[in-house]
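So the structure is just underneath, and the comments pick up after that.
2 protein chains.
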Amino acid sequence: MTTELNSPLDMHLHLRDGDMLRTVAPLSSESFAGALIMPNLVPPIDTKEALLAYRDRILDATKGDIFKPYMTLFFRENYDYDFLAGFGDSLTALKLYPAGITTNSEGGVSGFDIDTLRPALEAMSELGLPLCIHGETNGFVMDREKEFVSIYENLASNFPKLKIIMEHITTKESIDALDRYENLYATITLHHLLITLDDVVGGMLRPHLFCKPIAKRPIDREALQKVALNAHPKVMFGSDSAPHPKEAKESCGCAAGVFTAPIALAALAELFDKHHKLENLQKFVSDNAKSIYGITPPEKKVILEKTPMNVPSSCGSVVPMFAGETLSWSIKEII
Amino acid sequence: MTTELNSPLDMHLHLRDGDMLRTVAPLSSESFAGALIMPNLVPPIDTKEALLAYRDRILDATKGDIFKPYMTLFFRENYDYDFLAGFGDSLTALKLYPAGITTNSEGGVSGFDIDTLRPALEAMSELGLPLCIHGETNGFVMDREKEFVSIYENLASNFPKLKIIMEHITTKESIDALDRYENLYATITLHHLLITLDDVVGGMLRPHLFCKPIAKRPIDREALQKVALNAHPKVMFGSDSAPHPKEAKESCGCAAGVFTAPIALAALAELFDKHHKLENLQKFVSDNAKSIYGITPPEKKVILEKTPMNVPSSCGSVVPMFAGETLSWSIKEII
Numbered sequence: 001m002t003t004e005l006n007s008p009l010d011m012h013l014h015l016r017d018g019d020m021l022r023t024v025a026p027l028s029s030e031s032f033a034g035a036l037i038m039p040n041l042v043p044p045i046d047t048k049e050a051l052l053a054y055r056d057r058i059l060d061a062t063k064g065d066i067f068k069p070y071m072t073l074f075f076r077e078n079y080d081y082d083f084l085a086g087f088g089d090s091l092t093a094l095k096l097y098p099a100g101i102t103t104n105s106e107g108g109v110s111g112f113d114i115d116t117l118r119p120a121l122e123a124m125s126e127l128g129l130p131l132c133i134h135g136e137t138n139g140f141v142m143d144r145e146k147e148f149v150s151i152y153e154n155l156a157s158n159f160p161k162l163k164i165i166m167e168h169i170t171t172k173e174s175i176d177a178l179d180r181y182e183n184l185y186a187t188i189t190l191h192h193l194l195i196t197l198d199d200v201v202g203g204m205l206r207p208h209l210f211c212k213p214i215a216k217r218p219i220d221r222e223a224l225q226k227v228a229l230n231a232h233p234k235v236m237f238g239s240d241s242a243p244h245p246k247e248a249k250e251s252c253g254c255a256a257g258v259f260t261a262p263i264a265l266a267a268l269a270e271l272f273d274k275h276h277k278l279e280n281l282q283k284f285v286s287d288n289a290k291s292i293y294g295i296t297p298p299e300k301k302v303i304l305e306k307t308p309m310n311v312p313s314s315c316g317s318v319v320p321m322f323a324g325e326t327l328s329w330s331i332k333e334i335i
Numbered sequence: 336m337t338t339e340l341n342s343p344l345d346m347h348l349h350l351r352d353g354d355m356l357r358t359v360a361p362l363s364s365e366s367f368a369g370a371l372i373m374p375n376l377v378p379p380i381d382t383k384e385a386l387l388a389y390r391d392r393i394l395d396a397t398k399g400d401i402f403k404p405y406m407t408l409f410f411r412e413n414y415d416y417d418f419l420a421g422f423g424d425s426l427t428a429l430k431l432y433p434a435g436i437t438t439n440s441e442g443g444v445s446g447f448d449i450d451t452l453r454p455a456l457e458a459m460s461e462l463g464l465p466l467c468i469h470g471e472t473n474g475f476v477m478d479r480e481k482e483f484v485s486i487y488e489n490l491a492s493n494f495p496k497l498k499i500i501m502e503h504i505t506t507k508e509s510i511d512a513l514d515r516y517e518n519l520y521a522t523i524t525l526h527h528l529l530i531t532l533d534d535v536v537g538g539m540l541r542p543h544l545f546c547k548p549i550a551k552r553p554i555d556r557e558a559l560q561k562v563a564l565n566a567h568p569k570v571m572f573g574s575d576s577a578p579h580p581k582e583a584k585e586s587c588g589c590a591a592g593v594f595t596a597p598i599a600l601a602a603l604a605e606l607f608d609k610h611h612k613l614e615n616l617q618k619f620v621s622d623n624a625k626s627i628y629g630i631t632p633p634e635k636k637v638i639l640e641k642t643p644m645n646v647p648s649s650c651g652s653v654v655p656m657f658a659g660e661t662l663s664w665s666i667k668e669i670i
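Order-wise, the sequence lines are chains C and B. For the first sequence, my numbering assigns the number 1 to the initial residue and increments by one for each residue that follows. For the second sequence, my numbering assigns the number 336 to the initial residue and increments by one for each residue that follows.
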C-alpha cells in the first residue's frame, strides 16, 4: 500500500542555528517542500537583516533539497506598517510569544492590551501577515492553554481581518474556539495527536516526550485527532519539532521539546492509515496550509508506503520521537 | 525560635534493602522515633520469616539510634486469620497495592471484589490490623486517585471495623472522603504538601520531584495543607520517602519517588512555622499516628530551631529533596 503527498508542509518548525541547524535542517528539507520557521533564536529574529541572514543560513544548510523556508519574525508591540512593509515577500508571518512561556521566549508580550497591540496588528491585517501565537498563560500547567482561549477570542474579535494561528494546540477548548471565529486557525503537532500526559508522567518519566504545551487528557487528544484526521479546513500540520541535545533532554531539569522532523510524515501516514483517513492527509499536511497562508510551495512529491521503518536511536546529538522503535510506514520515494 | 517534638513518627517509609538500606535507614532513624516500613521489596515481604528477617536487617542498619520499625506485610487476598494471628506483635499493618501501580507492586490486588477480600479483611478487623492502601486506579494519571475513592468507600462501608489508611493522599476528593467514613484515615507526604504538577513539568522537567501519585493541582495542595496544618485527627505524616540512585532518577525513563527522610522534620517545621501552625506539628508527626495505630513509640525528643540548614547535594547515591538548597529550620538537638 502506498500514498502520495504533494508538497508536504510543516507549518511550525524550530531549526535553531549553527551546528544544530546543520544537523536538523536537512532532516526536514529531505521530505518537506517547505516549513514555517520559528524565530526564537538567541537573540530572536526581529530585524530584516537578521531574518534574511537566517534564511540564507537555512538555504545553505538545506541546499540540494527542494525546500522553501517560510520565515517568521519575532513579534514586538512597537512594529509599525512601514517596518513590516519593508520585508516584502521575505516575511510570511509573525510569531507572538507570551513572555517567558517557552524556550527562548524572554522578551515576548507580557500584557495583551488591545490598544497597545492595535498599531502593529492593524498593520499586519492590512499587509495580510498572519499572527502565529504560542497561546499559554502563566497559570497551572494543565490550564494554561484553556485560560488563553479568551485572549485568542479577544484578539480575533478586535482584529477581524487578522489571520490568527493558534499554534500547537492541545486542548478541546482551543478546537471549540476554531469554529466560533472566522479568523482563527490552528496548527497541530504529531506528538499531540499521539500522546497524553500519561505518556509523559503516567508510567516512568519520559523526558523525550516532555514538551510545551504539555500533552493533555485523552479527551483533548480525541478532539485533536478528530479535526486533524478529518482535515478540518482551519487546521494544518505544524510539527513544533524542537531539537535539544540528548544531554539536555536527559539531565536534571530537562528542556521542553519533541524532535519529530525525520519521522513526521511516516508517523502521520501510520496514524491516518490506522484510522482509515489516509485520503485526508494531503489536506492536513499541505492543502489547508496553502489556502490559509495563500502560499504556493515548490513542487515535491513524497511517496509513502506501508513498509516498516526503523527509527534511529539518534540523529547526531538529538534523539527523535520513536527512537529505536519501528513505524509501519516509511518514505519510499521523493520526486 | 525552637520547637520540640516528642517521638516523631514517619508512617510511610521505604527503606529498600542491602546497601541502599544501610545508606538510607540511618537518615530516618537519626531523627524519627519510629516508622511504618513498606513491604514492597523484590520479592515482597509476605511471610513471617521474611518480615522478621527484614526487621532485623533494619535494626542492624539503625543500631545506635532509638528507632522502632513498625513492620507491614504485603497484602494478599488469600491470607487467613491463623496466618495473620501468627505474626503477633511483630506485625503493625498490611499494605495493599493495586497490581502494577508503583515501584515493585507486581503481584498486588487486581480486582476489588468484596467477597474475595472478605476472609482476609475480616480477619484483619478482628485482629485490629489496619489496611494501608496505595489508592490509585490504572486510569489517566491525574484521575487515578480520584477514581479510587469509590473503592475506598466500598471497602470502608463493607468492613466498618477495619481501619483503612489512605496512603500518601494527593487530592481534595480523598480528603473529603475522610469525614464521610469513620474508619478512613490518611497519611500525607511532605512533598505533596509543598509541590503541584507545576513543579514537576510546569517549567523545566524536574525528575527528582517525579513521584507516584503524581503531584496534583493547587486546589488539591491547599486541601492537603488545610488538614495537615490543622492536625486533623485522622491524618498523619508519612513521608513516602523513596530512595532511587541518582542515575535512575536522572536517566531516560526515571523512577518515581522523592527522597525526603533526611530533611523531613526541618522542612515540616519550616512549613508549619510559615503558616503559624507550629503548635500542631506534634500531632501531625506523632500524636495522631499513636492514637490511630494504638502504638507507643520509644521516647525521643527532637528539638528544631529556626537556623538555616544547608541540604547536601546527595546522601550516598541518593539525591534528597531540596538538594543544595537551604531550609530555614534545622535540627538542633536529639535527646
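Just so you know, even glycine gets a beta-carbon here, dropped at the ideal spot from N, CA and C.
Within chain D, the residues that residue i reaches when beta carbons sit closer than 9 Å
i: B:Arg453; result: Going by chain labels, chain D is absent from the structure shown, which instead holds the protein chains C and B.
9 Å Cβ cutoff met for residue i and residue j
i: B:Lys584; j: B:His543; result: yes
i: C:Ser31; j: C:Ile334; result: yes
i: B:Leu456; j: B:Leu490; result: yes
i: C:Ala123; j: C:Leu91; result: no
i: B:Lys547; j: B:Thr437; result: yes
i: C:Ile331; j: C:Ala228; result: no
i: B:Leu525; j: B:Ala599; result: yes
i: B:Val653; j: B:His579; result: yes
i: C:Gly135; j: C:Ile151; result: yes
i: B:Ala368; j: B:Ser621; result: yes
i: B:Val484; j: C:Val201; result: no
i: B:Val646; j: B:Leu662; result: yes
Residue from the options whose Cα sits closest to the Cα of residue i
i: B:Pro568; options: B:Asn615, B:Ile449, B:Leu344, B:Gly538; result: B:Asn615
i: B:Asn623; options: B:Ile523, B:Tyr389, B:Leu376, B:Lys636; result: B:Ile523
i: B:Asp345; options: B:Ala658, B:Pro433, B:Phe572, B:Lys635; result: B:Phe572
i: B:Leu371; options: B:Ser363, B:Phe494, B:Asn645; result: B:Ser363
i: C:Ile175; options: C:His134, C:Asp220, C:Pro160, C:Ser157; result: C:Asp220
i: B:Pro378; options: B:Ala360, B:Leu408, B:Arg357; result: B:Leu408
i: B:Glu678; options: B:Cys467, B:Ala360, B:Ile500, B:Ile504; result: The displayed coordinates of chain B run from 336 to 670. Any statement about residue 678 of chain B would go beyond what the structure contains.
i: C:Pro130; options: C:Phe75, C:Met321, C:Gly18, C:Ala231; result: C:Phe75
i: B:Leu603; options: B:Lys383, B:Ala591, B:Phe657; result: B:Phe657
Chain-ordered neighbours of residue i on chain C, where CB pairs are closer than 7 Å
i: B:Cys589; result: Met204, Leu205
i: B:Phe545; result: Val201, Leu205
Reduced DSSP secondary structure (H/G/I, E/B, other) of residue i
i: C:Lys301; result: strand
i: B:Asn489; result: helix
i: B:Asn473; result: coil
i: B:Leu555; result: According to the sequence as given, residue 555 of chain B is Asp; it is not Leu. Helix at B:Asp555.
i: B:Ala428; result: strand
i: B:Gly369; result: strand
i: C:Leu73; result: strand
i: B:Leu340; result: strand
i: C:Ile242; result: The displayed chain sequence assigns Ala, not Ile, to residue 242 of chain C. Residue state, collapsed to three classes: coil.
i: B:Asn615; result: helix
i: C:Phe272; result: helix
i: B:Glu482; result: helix
i: C:Asp10; result: strand
Partners in chain B for residue i, counting only beta-carbon separations shorter than 9 Å
i: C:Arg217; result: Phe475, Met477, Asp478
i: C:Phe259; result: Under the 9 Å cutoff, chain B gives no residues; its nearest Cβ is about 14 Å from C:Phe259.
Buried versus exposed, by CB contacts within 10 Å (16 or more), residue i
i: C:Arg398; result: Here chain C covers residues 1 to 335 and nothing more, so residue 398 of chain C does not appear.
i: B:His611; result: exposed
i: C:Pro69; result: buried
i: B:Asp448; result: exposed
i: C:Lys182; result: Looking at the sequence itself, residue 182 of chain C is Glu, so the reference to Lys does not match. The residue in question, C:Glu182, is exposed, as its Cβ has fewer than 16 Cβ neighbours within 10 Å.
i: C:Glu325; result: exposed
i: B:Glu582; result: exposed
i: C:Met204; result: exposed
Under 9 Å from the C-beta of residue i: neighbouring residues of chain C
i: B:Thr531; result: Phe140, Val141
Contact list for residue i against chain B, beta-carbon separation under 8 Å
i: C:Ile133; result: Those within 8 Å of C:Ile133 in chain B number zero; the least Cβ separation is about 20 Å.
i: C:Ile263; result: Correct list: empty, because the minimum Cβ distance to chain B is about 18 Å.
Cross-chain neighbours of residue i in chain B, by beta carbon under 7 Å
i: C:Ile214; result: Val536
Residue i CB to nearest heavy atom of the ligand ADP below 8 Å
i: B:Pro379; result: This structure does not include the ligand ADP; it has no bound ligands of any sort.
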